[in-house]
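Participant:
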Amino acid sequence: MSPVKISPRWKSQPLFVSSTFRDMHAERDHLHRVVFPALEEWLRERRILLEPLDLRWGVETSGEAEAEAKEQLVLKVCLDGINECRPFLIVLLGDRYGWQPPAERLAITAGEYGFVPDAVAGMSVTALEIEAGLLASEDQAVRSFVYLREPLPLDDMPDDLRAVYSDAAAGNEDAAGRLEMLKERLRNVPRLEGRVRDYTLEWDAYACAPDAESLNAWGEQVLADLKAELSGDVEAHGLDEAPELTWQEEEAFEYEAFVEQRARVFVGRSDTIAEIEAWAFSADEGSAPWGLVYTGASGAGKSALMAELYRRWTHEPQDPSDDRAPVVLAHAAGISRRSGWVTPMLQRWIGELAALIGINDPLAEHDKHETVVEAFRDLVTRIAQDRRVILLVDAINQFDSGAWQDQSWVPAGCPSIRLLATAIQGDASERLLGAHEAIEARELPALTAAEAGDIAVAQCARYRKTLSDSVLAALKEHPSAGNALWLRMAIDALLQLDADDFENAQADHADQPADRQIPAFMTALVREAFPPDVAGMYAYLLTRLEARFGEAPVRTFALALALSRSGWRDTDLRELAPRLGGGEWDDATGAILRRAFRLHLSRHGDPACWDFFHILAREAVLARYAGSGDERSSLHAAIADHLAALPDDDPIAQRESMHHLLEAEDMVGAAEFLAQAPDGLARDAAVLSLAERVLKREKENKRDHSLGLIDGLLEHANIEKLDLPSRLMIDVFAQVSGRVSGRTALNFMETIHGWYIENRTYLSPDQFLVDLSISHDTLGEIENAEGRGNSARSHFSAAMEIRRALHDRLNNTAYAANLGISHGKIGDLEGAAGNSEAAIMHYESALAVFDNLSCRVEQMEFKRNKGIIHKRIGDIERKLGNIDAARLHYINTITIIDALHKHTRNVETALDLSACHARIAALERADGNVVAARSHFESGMEIVREIHVRTGSWETAKHLAYRHVSIGELEYDAGNIEIARSHFVASMEIRKILHDRIGNADTALDFAVSAARLGEIELSAGNIKMARELFELTVCIRETFKDLINNIETATDLAIGLNWLGHLELSEHNYEAARQHFEAAMEISKALHDRVGSPETARSLAIAHSNVGELKLAVEDVDAARLHFESAIGITKILHDGVGSVATARDLSVSHGKLGDLLCAMEDFDKGRTHYVAALDIRKSLYDGNVVSRTLIDLAVSYQRLGRLEQLAGNIDKARSNLMTSMQLKKDRHEQIKSIQTAQDLIMNHIMIADIEQSQGNTEAAKDQYNSILEIQKKLSE
């Protein structure tokens, strides 16, 4: 596919600055104000972001005491900063060794990084940084620079400054000696050869500071060094050579970072993991559930478990040739900007599966969700033929609720595939479980005391610390220790206690022995101070940090992260601090706070950003610091201002801006950003942000807010450009379509359409017309889906006229294709409304367009459209009874689509081809060619079944149900009742699942069709109760949607359902109920025929007359019955003369038979015989020799009727002959089928013949008939 790309990707370049404090202010200031901006600009041109980290820069101190306090803070985080910035380090040394912290504090910090306390005793913080960053790391040393300043002219300085710049001048001989040893050591390290620079600064006695000119010279040296060092990286990352980063790769990197964060210190859960692995790799496909959903409260450890499973199944060494190794497709909702949507998840998985198979990604950039689902199911089932595939989906409750509605992507039940998901119990998990019976829910067990203890030991070991037995016991015994997040927060709070806290411990527990004071203090914290829930622990953490570092910096840091979409760089946090009320910011403050929040932060993305990794952290921070909507809006506005100050190509500005502008209710800024966003990250992020806001309002039932948002944006659209309304109409609407109600979709598009109409006089004519046609077209689709045909027609016609004008004037391919599409849509609309002539006119216009395009341009879509139009014309011709014309169009369709399908093998062409087979089969069936019809139906079924196994989508399921109904109807007509029943039951089961998932008018009406067909089977089998339930259900559904849909098919189907209910009540002698049903059907059929006058409505009206005639005959209203039967014959004869199909011939024979029955009952045998003979002649012509077909039954019934008539008329020989012929036909049928029904039919004929023989005194002949009856009954009992 052609995904959204960041080409080449942005890269972060961290750089750590190590120096002493007060004596290096001038150099550090020059670096940050002159050197780094120049380097940053040079790198930015190459899409590299500089991230300098200087823990001492930007802080003013008034004396040694404040400087020492600052160094105490630096001590806590300096080694973290060095690790973050590897492998680049700049060291600045003059004549100060730097602050030497107390031995116990230095030992604590150094110990966390593996330094032996004795080895670092007496070191300054700067020396410790150099030791860890340069001397202990070969990689760091070869990418770093050391700048040693020559001694400054102390004699030219005031007395108070000499001690600032020189240890010797301050009388600190120990420090001065250590400094000289450190410098000498640095000069003699082999891997630092050529990287240690001496430099000289002149002293400006007037300014009491280093001279500016000499600073500039030194700065130019540093800039040249850094450029030269980075040039290799820059070349590798150059615009031409750098690998492109697709958004799929970006999402995959985000997930890997997430796994690293969550599984970093994973211990315990051995029983749960064993249970999962036994299930995941079980060879028993029958008893084990296909999928598992582990549920639990926030912080229960679900994500950590999923991350650990992913790590085990993918990161541990495996033999690449081992086909038994599982294929793991993993996802975590809510960790990135796309992760809450199902479609991008599947798109990323498709790329991974395609790479595994060794093929190109099969998707195109703008493929619909259904196409993505199809491709995913196709590839995953192909892989699963040889490998176990495991789908890991974490936090399904964080998927967008609209996106999670469709569950068709889940390949439930597919062998060798397993789904493992997690969720907070609620709507998301219930929808997944409700859609798939093969998925089972399990509650994630709370951590055991032993597991809690193991986690505590492991988490402490990471920082090279231990907890005393008493503290460990207090943690394990705490009632909240079963929640993994609470436990980790409690442990981290204990680990972050420092010397200040321990001084309090000694004071609070002075009565304890010295070695028990700190454990007693920590135990008391666990048992008495720590809140019992996660939300309380967050409040405790924030309160503690405010007390230690001040409310403003803590609030600023936490709010910045909580309000972001996906985190901030250090440089962003530095710039945001004053905007969010945190005052001036420096790197040390950021580092200190990152350390304090270390358990709750992740660093991910490219460029790398800090972010909260748990939603509970965001919620706690926002609740504490930004509870009101107005307050949040102003904060978002401040963030938007920061983003606006960044360069246009800054990836964070592109990713975050639209979100914050919308949250700030800044419609002017949002409108401008969306309109001007370039293709790629900025546009993609802007569209998603706006779509998310619309969907959020929909979920909250605040639809008016969504429409107000769109209206507000359009108020600020640039009249001279159409970028904004076009992006709203095309990009944003594509994201929300299908996920909002029809009303919201309509109002959304009407708002945009209204803007175009209102501003038409100011707009560029051609682009305005193109966009206006799109808005009309989209509105037409929405209106049509909602059942408002007239409104849809109006919009489609308007779009067509615009496109015709554009095509006539400009005559390019795109305008021609759009014109053809418009004709096709109007044709569909007119066809559904029964306006056959208008439909054909539009279809032929569309066909002419696509025929011309197919000749001019080699594009498969044009050929496919041409094939589809042929199919639609064929449908209309078939309804009009023009069978030969219909067949010709269907054959054209098959020829075109078959060629395309051999090339593409995709769902669209497969379904098109199957539909064509079904239509030709319907023609063959109507002509009585059962074998040919069955062949086409089965070909269509096989195509759909094969594609459904691959994709499992709702669309393929829908077509599969159609094919089952079609084959069921054919088999029913052929007399294969049980085969027909199996197909109708299969269709009904599929359609029930579809309706449960989708629940719209189409799925309801399709379900009603299957129920009606099954009802016919049950009625013919004598299962009256079941048949009544099915017919009543059918009528109820069709009544519900008759007025909403208001088309011929829905009304006709309703009439059919009422007719079947009438027949059922008639068979039970419930004449009044039968009358109500038949008359209701008659009213619908008459109204339809008066309005439409098609062969289809004529047939429906004839059937209605025939049914009412049967009722009148049953209640002995002979005259009325005769009128209705004669009306039925009159309508059907005209219809048959015009259409001449098997169906109209059979209808005519049925009407003749019914009128013949009436005339015989009136003892008008001559006229009755005329109608019976007419029926018999028709049925002789229809009989195809198939003893199990309906034509044989009809023929046998005709001979039987004639036999009874001749018996009543006294023509015994003719009676015997007709009844014997009828009996032979029934005998042939019974020998083939051997069902109770065929046996009873045959027995009835034997009885009739026995009656004749007995009446004529032929006792032996009568006895033979009765013996035959006994033989049949005997075989039945056996």
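Take 1 as the starting number for the sequence shown in the UniProt record's numbering and just add one per residue. C-beta: ideal position from N, C-alpha, C; glycine also.
(1) Beta carbon of L179, beta carbon of A169: below 8 angstroms?
(2) Return the residue from the list D139, A441, E619 and L391 that minimises the CA-CA distance to residue 1326.
(3) Taking DSSP as the reference, what is the three-state secondary structure of Q13?
(4) Using only the alpha-carbon positions, how far apart do F88 and V17 sit?
(5) Among the candidates N892, I883, I876 and S982, whose CA atom is the shortest distance from the CA of N865?
(6) Grab me the residues of D815's own chain with a C-beta within less than 7 angstroms of its C-beta, minus the 5 sequence neighbours each way, in chain order.
(7) Once you ignore the five residues that flank D225 on each side, which residues in its own chain have a CB closer than 7 angstroms to its CB?
(8) At what residues does the beta strand (DSSP E) containing residue 1279 begin and finish?
(9) For H331, write down the residues that DSSP places opposite it in a beta bridge.
(10) Could you pull out every residue in the same chain whose Cβ sits closer than 7 angstroms to the Cβ of G1015, ignoring the five residues on either side in sequence?
(11) Measure from the alpha carbon of D386 to the alpha carbon of each residue in K368, W409, P415 and E370, then state which is nearest.
(12) Taking S564 as the reference, which of H32, E138, V1197 and I652 has the closest Cα?
(13) Would you list, in sequence order, the uninterrupted alpha helix (DSSP H) runs of no fewer than 4 residues that lie entirely inside the stretch 456-540?
(14) Straight-line CA distance for I774 to R743?
(15) Do you know how far the Cα of A799 is from the Cα of S1094?
(16) How big is the Cα-Cα spacing for Q654 and R44?
(17) Kindly indicate which residue of L593, R527, R872 and K1226 has the alpha-carbon position closest to the one of R548.
(18) Which residues share a DSSP beta bridge with V146?
(19) Which runs of the alpha helix (DSSP H), 4 residues or longer, sit entirely within the stretch 756-791?
(20) Between the C-alpha atoms of S1067 and N835, what's the straight-line distance to the nearest angstrom?
(21) Find out if the Cβ-Cβ distance for the pair E40, L31 is shorter than 8 angstroms.
(22) Under 8 angstroms Cβ to Cβ from T1259, same chain only, skipping five residues before and after it: list those, please.
(23) Leaving out five residues before and five after Y1199 in sequence, what residues of the same chain have Cβ atoms less than 6 angstroms from its Cβ?
(24) Could you tell me the boundaries of the beta strand (DSSP E) in which P344 lies?
(25) Could you check how far apart the C-beta atoms of Y762 and I719 are, in whole angstroms? I think they sit under 8 angstroms.
(26) Looking at the unbroken beta strand (DSSP E) that takes in R603, where does it start and where does it end?
(27) Could you check whether E924 and A932 sit closer than 8 angstroms to each other, using their CB atoms as the reference points?
(28) For chain C, find out if any of its Cβ atoms is closer than 8 angstroms to the Cβ of V849; answer yes or no.
(29) How long is the line joining the alpha carbons of A577 and R105, rounded to whole angstroms?
(30) What are the start and end residues of the beta strand (DSSP E) that includes L49?
(31) For Y962, which residues of its own chain have a beta-carbon under 6 angstroms away from its beta-carbon, when the five flanking residues on both sides are left out?
(32) What first and last residue would you give for the alpha helix (DSSP H) that runs through G824?
(33) So W610 is in the beta strand (DSSP E); what residue range does that whole segment cover?
(34) Whole-angstrom Cβ separation of A1145 and I1178, contact assumed at under 8 angstroms?
(35) Does DSSP classify A132 as helix, strand or coil?
(36) If we ignore side chains and look at the alpha-carbon of each, how far apart do H478 and R96 end up?
Facilitator: Let's see:
(1) What you label residue 179 is simply residue 179 of the sequence shown in a count that begins at 1. What you label residue 169 is simply residue 169 of the sequence shown in a count that begins at 1. Judged by their CB atoms, L179 and A169 are not nearer to each other than the 8 angstroms cut-off.
(2) This structure gives no information on residue 1326, because the portion of the chain shown stretches from 1 to 1278.
(3) As a position in the sequence shown, residue 13 is number 13, starting the count at 1. Three-state result, Q13: strand.
(4) Within the sequence shown, numbered from 1, the residue matching residue 88 stands at position 88. Within the sequence shown, numbered from 1, the residue matching residue 17 stands at position 17. Rounded to the nearest angstrom, the two C-alpha atoms are 9 angstroms apart.
(5) Within the sequence shown, residue 865 is the residue found at index 865, counting from 1. Of N892, I883, I876 and S982, the residue nearest in Cα terms is N892.
(6) Stepping through the sequence shown from its first residue, residue 815 is reached at position 815. Reading the sequence as shown, one finds Tyr at residue 815 and not Asp. Only R803, L806 and H807 meet the Cβ criterion.
(7) Numbered from its first residue, the sequence shown carries residue 225 at position 225. Within the same chain, D225 has close Cβ partners F145.
(8) The displayed coordinates of the chain run from 1 to 1278. Any statement about residue 1279 would go beyond what the structure contains.
(9) Mapped onto the sequence shown, residue 331 falls at position 331. Under DSSP, H331 takes part in a beta bridge, and its partners are V393.
(10) For the purposes of this step, residue 1015 is taken as residue 1015 along the sequence shown, with counting starting at 1. Once the five neighbours on either side are set aside, the close Cβ partners of G1015 are A1027, L1030, F1031, T1034 and W1060.
(11) Position 386 of the sequence shown, counted from the first residue, corresponds to residue 386. The option with the nearest alpha carbon to D386 is P415.
(12) Residue numbering aside, residue 564 sits at position 564 when the sequence shown is read from its first letter. The residue with the shortest Cα to Cα distance from S564 is I652.
(13) Counting only runs that start and end inside the stretch 456-540, the alpha helix (DSSP H) elements of at least 4 residues fall at 469-477, 484-495, 499-508 and 514-524.
(14) Locating residue 774 in the sequence shown gives position 774, counting from the first residue. Locating residue 743 in the sequence shown gives position 743, counting from the first residue. So the two alpha carbons sit approximately 19 angstroms from each other.
(15) Against the sequence shown, residue 1094 aligns to sequence position 1094. Against the sequence shown, residue 799 aligns to sequence position 799. The alpha-carbon separation between S1094 and A799 amounts to approximately 29 angstroms.
(16) Against the sequence shown, residue 654 aligns to sequence position 654. Against the sequence shown, residue 44 aligns to sequence position 44. Taking the straight line joining both Cα atoms gives about 15 angstroms.
(17) Sequence index remark: in the sequence shown, residue 548 carries index 548 (1-based). Between R548 and the set L593, R527, R872 and K1226, the nearest pair of CA atoms involves L593.
(18) Reading the sequence shown from its first residue, position 146 is the one you call residue 146. Note: V146 sits in a beta bridge opposite V91 and V196.
(19) Fully enclosed alpha helix (DSSP H) runs of 4 or longer: 765-785.
(20) Residue mapping note: residue 1067 aligns to position 1067 of the sequence shown, counting from 1. Residue mapping note: residue 835 aligns to position 835 of the sequence shown, counting from 1. When the Cα atoms are used, S1067 and N835 turn out to be separated by approximately 37 angstroms.
(21) The residue labelled residue 40 in the question sits at position 40 within the sequence shown. The residue labelled residue 31 in the question sits at position 31 within the sequence shown. One thing to note: E40 has its Cβ no nearer than 8 angstroms to the Cβ of L31.
(22) As a first step, residue 1259 must be located in the sequence shown, where it is residue number 1259. In chain order, E1253 place their CB closer than 8 angstroms to the CB of T1259, counting only its own chain and leaving out the 5 sequence neighbours on each side.
(23) What you label residue 1199 is simply residue 1199 of the sequence shown in a count that begins at 1. Here the set comprises N1218, T1221 and S1222.
(24) The count along the sequence shown starts at 1 and reaches residue 344 at position 344. It is not in any beta strand (DSSP E) - P344 instead sits in the alpha helix (DSSP H) that spans V342 to I357.
(25) For the purposes of this step, residue 762 is identified with residue 762 of the sequence shown, where counting begins at 1. For the purposes of this step, residue 719 is identified with residue 719 of the sequence shown, where counting begins at 1. I719 and Y762 do touch by the CB rule: their CB atoms are close to 5 angstroms apart, below 8 angstroms.
(26) Looking up residue 603 in the sequence shown gives position 603. Start and end: L601 to H604.
(27) Mapped onto the sequence shown, residue 932 falls at position 932. Mapped onto the sequence shown, residue 924 falls at position 924. Cβ atoms of A932 and E924: closer than 8 angstroms.
(28) Among the chains of the structure shown, chain C does not appear; only one protein chain is present.
(29) If you number the sequence shown from 1, residue 577 lands on position 577. If you number the sequence shown from 1, residue 105 lands on position 105. The alpha-carbon atoms of A577 and R105 are separated by roughly 29 angstroms.
(30) As a working note, residue 49 is residue 49 in the sequence shown. Here the beta strand (DSSP E) through L49 covers I48 to L53.
(31) Translated into the one-based positions of the sequence shown, residue 962 becomes position 962. Taken in chain order, the list of residues that qualify is empty.
(32) As a first step, residue 824 is located in the sequence shown; it is residue number 824 there, counting from the start. DSSP places G824 in the uninterrupted alpha helix (DSSP H) bounded by T813 to A832.
(33) Against the sequence shown, residue 610 aligns to sequence position 610. Looking at the DSSP string, the run of the beta strand (DSSP E) that includes W610 is C609 to F612.
(34) The residue labelled residue 1145 in the question sits at position 1145 within the sequence shown. The residue labelled residue 1178 in the question sits at position 1178 within the sequence shown. Yes, A1145 and I1178 are in contact; Cβ-Cβ is about 5 angstroms, under 8 angstroms.
(35) As a working note, residue 132 is residue 132 in the sequence shown. DSSP places A132 in the helix class (H, G or I) of the three-state scheme.
(36) Translated into the one-based positions of the sequence shown, residue 478 becomes position 478. Translated into the one-based positions of the sequence shown, residue 96 becomes position 96. About 50 angstroms.
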